[in-house]
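Single-structure report; data block below.
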Amino acid sequence: MSGNRVRHSDHVLKTIQSDRAAAQSAVAASWCRSAYRHGLDPATHRRRDRVENTGLIERRQANETLLAAANPVLDNLFNNVGRSGCCVILSDIDGIVLESRATAGERALFDAMGLAAGAEWSEQAEGTNGIGTCLIEGRPVAILRHEHFSSRNVDISCMDAPVFGPDGRLVAALDVSTGRPEHGSELAGMILALVQDAARQIERDYFCQHYAQARIVYAGDEKTAGSALLAVDKDDLVIGATRAARARYGLGMSGLTAPRPLGDVMGMADPVGLDAHEAKALRQALARCDGNVSAAARELGIGRATMYRRMERLGLLG
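With positions in the sequence shown counted from 1, the corresponding number in the working numbering is that position plus 43.
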């Protein structure tokens, strides 16, 4: 092992032995997890774990809808960062690389670093690293070269953002990694912003594909949590919500165990009662027929005289 890697291992061990290590920084806290919770050694040279062949195919099949939404975004992100010596990776919830993008000239280098399909980058396997630490902490992270736990990873810098699924739960990590030493903290910050934007786009597209048969209600963007989207069925019942929507409307992770009226979720509940629902149906029919009462009555399957009587009873005339 090179002197630089020996020094790195010694520095990691000295840091985690400090009584105040976990409080010093999020990286130091991750180093402590890596050593004490996962039992890892920063100087390890063990072979990298990799899922291959059938195992990788099964993982991709299990994440088929996610990958359908993610692949165009991965391509676009790689077009933005690939020429600067970066690879783009999407891992599953276990830190297994499902997809990777790299230039032909650098693919072998990234493969040797373990940045290829099937490689495992969980924090349990590799210690502090972009993918694994992002998945453990559920937040965007940038782990630069010397911030990795394992000395064998100090040639890599990683910028990662979590990807949350249609039910608001964490499902993947989006990663941009580079082995170029000239990529410092300023460039890492800019790349991390691109990664976060791409992760939020994957979430939006994944949600819309998952609820392709529903109406999607857009309720705005949250700065860090992404787009607040609600999936609504034909009866105006909310059947799905993104993580941002769950936070905005106080739904939590268990707030949609059963469908809920859209108005109730958004705090704009419609009047309750059969008359209120009948009035709504009549108004909608009239709107679709440009105010033509006869046409609206035909659409509702009732006679014109009945339509007038109901409109009068519900205060819709005049």
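Note that beta-carbon positions come from the ideal geometry of N, C-alpha and C, so glycine has one too. Since this is a predicted model, take the numbers as computed values, not measurements.
Would you call the segment 168 to 183 and the segment 197 to 211 touching, i.e. three or more CB-CB distances under 8 Å? yes
Pick helix, strand or coil for V197, following the three-state DSSP scheme. For this step, residue 197 is matched to residue 154 along the sequence shown. Residue state, collapsed to three classes: coil.
C-alpha gap between R50 and D198, whole angstroms: The residue labelled residue 50 in the question sits at position 7 within the sequence shown. The residue labelled residue 198 in the question sits at position 155 within the sequence shown. R50 and D198: Cα-Cα distance of roughly 14 Å.
Within the same chain, show all residues whose beta-carbon is closer than 7 Å to that of L187, passing over the 5 residues directly before and after it, in chain order. Against the sequence shown, residue 187 aligns to sequence position 144. Same-chain partners within the cutoff: S200, S228 and A231.
Starting from the C-beta of L83, find all residues in its chain whose C-beta is less than 6 Å away, skip the five residues before and the five after it, and write them out in chain order. Mapped onto the sequence shown, residue 83 falls at position 40. Excluding positions up to five away in sequence, the list reads S77 and G170.
Segment limits, beta strand (DSSP E) that includes I282: Here residue 282 is taken as the residue at index 239 of the sequence shown, counted from 1. Here the beta strand (DSSP E) through I282 covers L280 to A284.
What's the call for S52, buried or exposed, on a 16-neighbour Cβ count within 10 Å? As a working note, residue 52 is residue 9 in the sequence shown. Label assigned to S52: buried.
Flag this pair as touching only if the segment 264 to 273 and the segment 281 to 298 have three or more C-beta atom pairs under 8 Å; answer yes or no. yes
In terms of DSSP beta bridges, what is A216 paired with? Walking along the sequence shown from the start, residue 216 turns up at place 173. DSSP links A216 through a beta bridge to S134 and P205.
Assigned secondary structure, V336 (DSSP; H/G/I helix, E/B strand, else coil): Your numbering for residue 336 matches position 293 in the sequence shown. Three-state DSSP puts V336 in a helix.
Three or more C-beta pairs closer than 8 Å, one from the segment 297 to 304 and one from the segment 272 to 284: is that the case here? Yes, the segment 297 to 304 touches the segment 272 to 284.
Element boundaries [alpha helix (DSSP H), containing I179]: Numbered from 1 along the sequence shown, position 136 holds the residue referred to as residue 179. Its alpha helix (DSSP H) spans residues G173 to E180.
Under the three-state DSSP convention, the category E190 falls into: Along the sequence shown, read from residue 1 onward, the residue named residue 190 stands at position 147. E190: helix per DSSP, three-state reduction.
Hey, is the segment 124 to 141 in contact with the segment 157 to 169, meaning 3+ C-beta pairs nearer than 8 Å? yes
Taking all protein chains shown into account, decide if I179 is buried (16 or more other Cβ within 10 angstroms of its Cβ) or exposed. Position 136 of the sequence shown, counting from 1, holds the residue named residue 179. By the neighbour-count rule (16 or more Cβ atoms within 10 Å), I179 is buried.
Take P310 as the anchor and find which of L325, D278 and Y292 has the nearest alpha-carbon. Residue numbering aside, residue 310 sits at position 267 when the sequence shown is read from its first letter. Sequence inspection shows Gly at residue 310; the Pro mentioned does not correspond to that position. Nearest option by C-alpha distance: Y292.
Beta-bridge partners of C129, as assigned by DSSP: By one-based count along the sequence shown, residue 129 stands at place 86. As DSSP reads the structure, C129 sits in a beta bridge with T221.
Cα separation between E107 and I245? Stepping through the sequence shown from its first residue, residue 107 is reached at position 64. Stepping through the sequence shown from its first residue, residue 245 is reached at position 202. Taking the straight line joining both Cα atoms gives about 13 Å.
Look at the alpha carbon of S193 and the alpha carbon of V70, and state the distance between them as a whole number of angstroms. Within the sequence shown, the letter at position 150 stands for residue 193. Within the sequence shown, the letter at position 27 stands for residue 70. So the alpha carbons of these two residues sit roughly 12 Å apart.
Is T176 buried or exposed, if buried means 16 or more other CB atoms sit within 10 Å of its CB? Within the sequence shown, the letter at position 133 stands for residue 176. T176 comes out buried.
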